[in-house]
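A.B. asks: Here the sequence shown is numbered in the working numbering, starting from 233 and rising by one per residue.
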Amino acid sequence: MFPLLHGRRWWHFRRFEGLLLSLACMFLLNIIFPGKIYGGTAQACYLPLQLLAGINLYGRLRPGFWAAALTAAGILALHPFQALASMPRALQFSLLLLHGLFFFIILLEVFIQLYRAQTHRLHLDARQTLCAGLSGLLLIGYSGFFLFLLLENFQPGSFRGPDPGGVSLQDLFSFSYISLMTIGYGDITPVSWAARNATVLVSLSANIYSLVVIASIVGRTFASRPGQKADKEPAPKENP
Numbered sequence: 233m234f235p236l237l238h239g240r241r242w243w244h245f246r247r248f249e250g251l252l253l254s255l256a257c258m259f260l261l262n263i264i265f266p267g268k269i270y271g272g273t274a275q276a277c278y279l280p281l282q283l284l285a286g287i288n289l290y291g292r293l294r295p296g297f298w299a300a301a302l303t304a305a306g307i308l309a310l311h312p313f314q315a316l317a318s319m320p321r322a323l324q325f326s327l328l329l330l331h332g333l334f335f336f337i338i339l340l341e342v343f344i345q346l347y348r349a350q351t352h353r354l355h356l357d358a359r360q361t362l363c364a365g366l367s368g369l370l371l372i373g374y375s376g377f378f379l380f381l382l383l384e385n386f387q388p389g390s391f392r393g394p395d396p397g398g399v400s401l402q403d404l405f406s407f408s409y410i411s412l413m414t415i416g417y418g419d420i421t422p423v424s425w426a427a428r429n430a431t432v433l434v435s436l437s438a439n440i441y442s443l444v445v446i447a448s449i450v451g452r453t454f455a456s457r458p459g460q461k462a463d464k465e466p467a468p469k470e471n472p
């Protein structure tokens, strides 16, 4: 029991490193398995890692833990139905909603722990703080992807893509991170009023996050480094 408890504490201590790794490997696996970004081989590899990393953020059985755990259980229960050729629309919408809800809960928990670290109610070293900040930025883009996906599923034609057949999941995924970085290639454009407001919300959230949270993390990291004395003591003057 004690080795298991020690292992649980070690994994919780490395929670932000694990979360950042699970989010970053999503891009690598989508390059290796470019077929289907949602419901394909890539998601089958990184989704369990993301669910475990998200639940691992919680050290105690708080309400957020149960919300994340129940949402993750619902995702795992409905995930095999994606292999069906004709998945019911209501079931597909429920799965998308669970995905978006899970990553929003995880994003909120990252914000809470970063805030507690800034107010000195939670100790995070420089590496943990940096991984938490980067994870929060990636989670904003990921949450934006599911927000755009829900809008397109609820109101088809909300986004216009490069192909005449409409936007694909890959288009919305890249558009979310392009909006986050304010690049704007112009190949994908929001058409409906709700889609335009959602795009502004994602871009604005990422900019505010970068200006406030990332800047605060960088400042705190440099302030915590042991520095050298800027001014040397003046040498004693000799008496004439």
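Glycine is no exception: its CB is placed at the ideal position from the N, C-alpha and C atoms.
#1: In the structure shown, what three-state DSSP assignment does P422 receive?
#2: Decide if G271 is buried, meaning its Cβ has at least 16 other Cβ atoms within 10 Å, or exposed.
#3: Going by DSSP, which residues form a beta bridge with F391?
#4: Just tell me which of L401, D357, V444 has its CA closest to the CA of G376.
#5: Sorted by chain position, which residues of the same chain lie with C-beta nearer than 6 Å to G286's C-beta, five sequence neighbours on each side aside?
#6: Report the rounded CA-to-CA distance for F245 versus Y417, giving the unit in angstroms.
#7: Nearest CA to the CA of K268: which residue from L255, Q314, A438?
#8: Please name the residue, chosen from Q387, S424, L369, F407, that lies closest to I449 on a Cα-to-Cα basis.
#9: From P422 to W242, what distance separates their C-alpha atoms?
#10: With a CB to CB cut of under 6 Å and the five nearest residues on each side skipped, what residues in its chain are close to R247?
#11: Which word fits Q282, buried or exposed, when buried means at least 16 other C-beta atoms lie within 10 angstroms of its C-beta?
#12: Excluding the 5 residues preceding and the 5 following L251 in the sequence, name in chain order all residues of the same chain whose CB lies nearer than 6 Å to its CB.
#13: According to DSSP, simplified to helix, strand and coil, what is K461?
#14: What does the alpha-carbon distance come out to for the pair A462 and V445?
#15: Unbroken alpha helix (DSSP H) runs of length 4 or more, entirely within the segment 331-385: which are they?
#16: Using CA atoms only, rank isn't needed, just tell me which of A427, L279, S435, I415 is closest to F335.
#17: Mind reading off the beta-carbon distance from I372 to A438? Whole number of angstroms is fine, and I expect it under 8 Å.
#18: In chain order, what residues of the same chain have a beta carbon less than 7 Å from the beta carbon of N383, not counting five sequence neighbours either side?
#19: Let me check understanding here. Comparing Cα to Cα, which of F386, A358, R348, C363 lies closest to S326?
#20: Does DSSP put G271 in a helix, in a strand, or in coil?
#21: Starting from the C-beta of G291, find all residues in its chain whose C-beta is less than 7 Å away, skip the five residues before and the five after it, and write them out in chain order.
C.D. replies: Considering the structure as presented:
#1: Strand.
#2: Buried, by the Cβ-count rule.
#3: Looking at the DSSP output, F391 bridges to P422.
#4: Looking at L401, D357, V444, the one whose alpha-carbon comes closest to that of G376 is L401.
#5: Excluding positions up to five away in sequence, the list reads A300, I338.
#6: Using only the alpha carbons, I get a separation of about 39 Å.
#7: The residue from L255, Q314, A438 with its alpha-carbon nearest to that of K268 is Q314.
#8: Minimum Cα-Cα distance from I449 among the listed residues Q387, S424, L369, F407 corresponds to L369.
#9: Between the C-alpha atoms of P422 and W242 there is a straight-line separation of about 44 Å.
#10: Counting only Cβ-Cβ distances below 6 Å, and skipping sequence neighbours, we find N288, L289.
#11: In this structure Q282 is buried. Its beta-carbon is surrounded by 16 or more other beta-carbon atoms within 10 angstroms.
#12: Result list for L251: A285, S367, in chain order.
#13: Low confidence applies here, because K461 scores a pLDDT of 42, under 50, leaving its location unreliable; read the following figure in that light. In the structure shown, K461 sits in coil (DSSP, three-state: anything other than H, G, I, E or B).
#14: Unreliable positioning characterises A462 in this predicted model, as indicated by a pLDDT of 42, which lies under 50. The coordinate reading is nonetheless provided below. Taking the straight line from one Cα to the other gives about 28 Å.
#15: Qualifying alpha helix (DSSP H) stretches: none in this window.
#16: Nearest option by C-alpha distance: L279.
#17: With 8 Å as the limit, I372 and A438 qualify as a contact, their Cβ atoms being about 5 Å apart.
#18: The identity of residue 383 in the sequence shown is Leu, whereas the question assumes Asn. Beyond the five residues adjoining it in sequence on each side, L383 comes within less than 7 Å, by CB distance, of S390, A426, A427, A430 in the same chain, given in chain order.
#19: If we check each option's Cα against that of S326, F386 comes out closest.
#20: In the structure shown, G271 sits in coil (DSSP, three-state: anything other than H, G, I, E or B).
#21: Excluding its 5 nearest sequence neighbours in each direction, G291 has C-beta neighbours in its own chain below 7 Å: H244, listed in chain order.
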